[in-house]
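Just so you know, the sequences run in chain order A and B.
Counting from 635, one number per residue, gives the positions in the first sequence under our numbering.
Counting from 635, one number per residue, gives the positions in the second sequence under our numbering.
Glycine included, every Cβ here is placed at the ideal spot set by N, Cα and C.
There are 2 protein chains.
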Amino acid sequence: MGEDPTPTDPWETLRTLARGSEVELSTSDGITYHGTLVPSHDLSGDRIVQIKLASGYNVGVRVGRADRLTVYPAAPTAPSNGPPAKALGSRPKYAKSWVALLTTGGTIASRVDYRTGGVRPVKDEAEILSFYPFLDRDGPVHVVPVFDHLSEQILPEDWALLSEKVAEMFREGARGVVVTHGTDTMHYTAAALSFALEELPGPVVLVGAQRSPDRPSSDGSPNLLAATEVARNSDLGEVVVVMHSGLSDTSFAIHRATRVRKMHSSRRDAFQSRNGPPLGVLQEKTLKLRSGYRARGTGPVRVDSRLDPRGGLLWFYPGMPPEKAKEFCSGLRGVILAGTGLGHLHTAHLPWIREAVGRGVFMGMTTQCLEGSADPFVYATGRELLRCGVTYLGDLLPETAYVKLLFGLGRFDSAGPLRSFMLEDRAGEFEARHPSVAAP
Amino acid sequence: MGEDPTPTDPWETLRTLARGSEVELSTSDGITYHGTLVPSHDLSGDRIVQIKLASGYNVGVRVGRADRLTVYPAAPTAPSNGPPAKALGSRPKYAKSWVALLTTGGTIASRVDYRTGGVRPVKDEAEILSFYPFLDRDGPVHVVPVFDHLSEQILPEDWALLSEKVAEMFREGARGVVVTHGTDTMHYTAAALSFALEELPGPVVLVGAQRSPDRPSSDGSPNLLAATEVARNSDLGEVVVVMHSGLSDTSFAIHRATRVRKMHSSRRDAFQSRNGPPLGVLQEKTLKLRSGYRARGTGPVRVDSRLDPRGGLLWFYPGMPPEKAKEFCSGLRGVILAGTGLGHLHTAHLPWIREAVGRGVFMGMTTQCLEGSADPFVYATGRELLRCGVTYLGDLLPETAYVKLLFGLGRFDSAGPLRSFMLEDRAGEFEARHPSVAAP
């Protein structure tokens, strides 16, 4: 053959390279991959390498013995493979505006355990950063780990802690705050930050990933870059969720925190604004906000993280025994009901609800349809529930209503002020129309 | 003036006409309305008349003294204003194929009470029929009232009764069965009929209305005509929901009963198939079904309406106290969990779930995202729940899973056969992919 009789196996070279190294691999299929190496220790032996492309996507490539490998020298000042973001400890007083990145765990900070096939949180902060080498390409990003929970493990007390941390970042001068979060309960936490924080001088952007960062097709990196972009450059003074908006790699939706819900278990465009369009979009680096957004305040940020976990959320279904529902709600100071349609329950539930309201328990009605409003004035059942003292919460999402309730319970001891708080638009949580505060 | 000095006030004539009369009213605005009169007793005095147009829509018109009214003579054989459908009692043995119309209550059989502003069920069968004069335009329709409940009042025992009635209609030779139903819980009842009935020789079509039939813009009549069309002319041998599919007056979606959910509290296109397109569409009287539908069987229809109401449905939320969840599930033989994301809960719930499974309680996992699948193999939490004995139910909707569970509990005493039943595709309830029956 005319080829070099003993070519170096590119796999042997790849194994020695540090993660983050810039490489170009041309395979025998005629495809050339240019990007940075992503750690994939567990795969060693398979001859599969993970390369993060400029788009932020990872691709897994099987390395052939005859593939051509080019290794680029490290160029620390180039934005395309700049150094990883700075870790907490020696916090520099950045000359230019900086973005705080608070990590809480979740897929976006998880990796595949190839022995079990499952996904586990990454414990090591440096390892998180190695997945996202482009993070500070447009300016400094300051990483602060807050906790490390898969999002189904997050409790209301974690919302309180996180809201204090966000406020601290703004007090220290952050231009915006990004919060990486597991997607399962991200909309609950986002709503919580909305109710805890006021006078925000910049955006608080929650972001997650539906696939872990060391896997091909991970959405973590593009999402995180988009979130950082929104935190740094948008005029928002509210809490939002930024995630992929569809099939395009470069389109992201900016959802108001109180109006969004995870509507698919695995798709990367799982997050959807309900009852209206998203607050904005980020497309090909162009940021557009619809009218009605809350602009950056002049500060200082205010935080009120008091909450009382003695609130509940109960979804009605045909055949739900009233005595079970009553039992579930005993000892609680407030309950959000997710009724059917416009906010209905079987009338066999009326006695225990009336009795609970009589004891001062707040009973709020939302719709399990998850779109449209709860409205007591259309059907007889709604009127009866109203007469029992149930407060109809318009188009407040059941989950948002539950989160708001815990903060309301933390701030108010008596039914009147709590009810006013629940019906008042605090953080854009009412979209379609404002519920009428009609007396029962 | 050149006009007749004492013209008859058309309002006086309209008040004397029987409902269902064919009229044409030309107003001073230059608009001519041609249709049949709809009863609107409560409005008398307002000079507002309700006319049902050929599209099936009602329009409310204020009658001016100078409006021109034409009253058409009754033409009982003309399809456009044929006699109302026949009532039960003297049931004729129809020469041509007939459709059974079972009424259960709900908006489609409700009217506005103008004193209270609310909507109440119509008690009188003749009154229901007067709203839908076009019902038997394409062939005989046989009306059978089964019960009269707003749908939030419907209980599992009603599902059993209704399934027996549907089977009876097919045994008597019905070509298809239409069930009018309140929309709030229509998807629960539809799923119930799917699991109770087998070897269906024709379609069972559930249909409802989002606005009552005596109001302008009611969707009841077009929906009912579409449902009757599907019941009579489609090749379906399964249970479906037929409702408006969007903004067009002439487009209807045919949803598989086990894959549909009410996703808006008030819009007329509130019903949406999840995880896939509807089973079919009816557009401008053209019926299209996608591949994979179940065709009419040769019969005889089989019905197994046994169910055990000792099943529950529990939606998880952050901060849900494990002891409350445990309490809610005590005494139940099976529970459907609506977990976050791929089917997760806070791990503090593991002990009570493990203990319940140990006592033989069926614990099934679905996703509260309402799209995508529950999958235990991606995250550590899923694997732990699997080890506790939780059965992951793929993309079964939480509500469908709950309904299926009650029928499973009615048929099986022990955990093994029940679990197999829950994982087996009985009525097209698994759409995206079939859950793996992996041993814990």
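Taking its Cβ as the centre, do 16 or more other Cβ atoms sit within 10 Å of residue i, making it buried, or is it exposed?
i	result
residue 642/A	exposed
residue 848/A	buried
residue 1048/A	exposed
residue 646/A	exposed
residue 882/B	exposed
residue 908/B	buried
residue 967/A	buried
residue 940/B	exposed
residue 656/B	buried
residue 856/B	buried
residue 678/B	Low confidence applies to residue 678/B: its pLDDT is 47, below 50, so where it sits in the model is not reliable enough to give any reading.
residue 665/A	exposed
residue 1054/A	exposed
residue 1058/B	exposed
Apart from the five residues just before and just after residue i, which ones in its own chain have a Cβ nearer than 7 Å to its Cβ?
i	result
residue 943/B	790 and 1040
residue 983/A	956 and 959
residue 1030/B	1000, 1063 and 1064
Over what stretch of residues does the beta strand (DSSP E) that includes residue i continue unbroken?
i	result
residue 803/A	Segment 790-805 is the alpha helix (DSSP H) holding residue 803/A; no beta strand (DSSP E) there.
residue 947/A	945-949
residue 999/A	996-1001
residue 704/A	702-705
residue 821/A	Looking at the DSSP string, residue 821/A is not in any beta strand (DSSP E); the run it does join, the alpha helix (DSSP H), is 820-830.
residue 808/A	Element bounds for residue 808/A: n/a, residue is neither H nor E.
residue 905/A	905-907
Once the 5 residues before and after residue i are set aside, which same chain residues still bring their CB inside 6 Å of it?
i	result
residue 978/A	1015
residue 644/A	697, 701 and 703
residue 669/B	685, 686 and 687
residue 839/B	812, 861, 864, 865, 874 and 876
residue 912/A	887, 888 and 889
residue 683/A	648, 695 and 697
residue 729/B	Here the model assigns residue 729/B a pLDDT of 40, short of 50, so the residue's position is not dependable, and the following value carries that caveat. Once the five neighbours on either side are set aside, residue 729/B has no close Cβ partner at all.
residue 804/A	835 and 935
residue 580/B	This structure cannot speak to residue 580/B, because chain B is shown only from 635 to 1074.
Would you kindly report the start and end of the unbroken alpha helix (DSSP H) that includes residue i?
i	result
residue 1044/A	1032-1045
residue 991/A	984-992
residue 866/B	854-867
residue 1016/B	1014-1021
residue 886/A	No alpha helix (DSSP H) contains residue 886/A, which is instead part of the beta strand (DSSP E) from 885-890.
residue 897/B	Residue 897/B -> no alpha helix (DSSP H), and no H or E assigned at all.
residue 1057/B	1049-1057
residue 648/A	644-650
residue 956/B	956-963
Please state whether the Cβ-Cβ distance between residue i and residue j is less than 8 Å.
i	j	result
residue 1000/B	residue 1008/B	yes
residue 872/B	residue 1062/B	yes
residue 744/A	residue 773/A	no
residue 870/B	residue 930/B	yes
residue 974/A	residue 950/A	yes
residue 742/A	residue 841/A	yes
residue 1056/B	residue 1044/B	no
residue 785/A	residue 815/A	yes
residue 739/A	residue 680/A	no
residue 998/A	residue 1025/A	yes
Could you pull out every residue in the same chain whose Cβ sits closer than 8 Å to the Cβ of residue i, ignoring the five residues on either side in sequence?
i	result
residue 963/B	946, 948, 969, 986, 990 and 995
residue 915/A	879, 885, 886, 887, 888, 921 and 922
residue 1033/A	821, 822, 825, 895 and 947
residue 905/B	817, 820, 821, 875, 877, 887, 889, 894, 895, 896 and 897
residue 797/A	826, 827, 830, 831, 937 and 939
residue 1006/B	909, 976, 1029 and 1066
residue 972/B	947, 948, 949, 950, 1000, 1001, 1002 and 1032
residue 868/B	810, 837, 888, 914, 921 and 923
Inspect the CB distances between the region 1016-1031 of chain B and the region 923-932 of chain B and report whether three or more fall short of 8 Å. no
Report yes or no: do the region 823-839 of chain A and the region 797-810 of chain A share at least 3 C-beta pairs separated by less than 8 Å? yes
Are there three or more Cβ pairs, one per stretch, closer than 8 Å when the region 863-870 of chain A is compared with the region 643-660 of chain B? no
Would you say the region 790-801 of chain B touches the region 824-832 of chain B, given that touching needs at least three Cβ pairs under 8 Å? yes
Contacting positions in the region 1011-1025 of chain B - beta carbon closer than 7 Å to chain C: The chain inventory of the structure shown lacks chain C, comprising the protein chains A and B.
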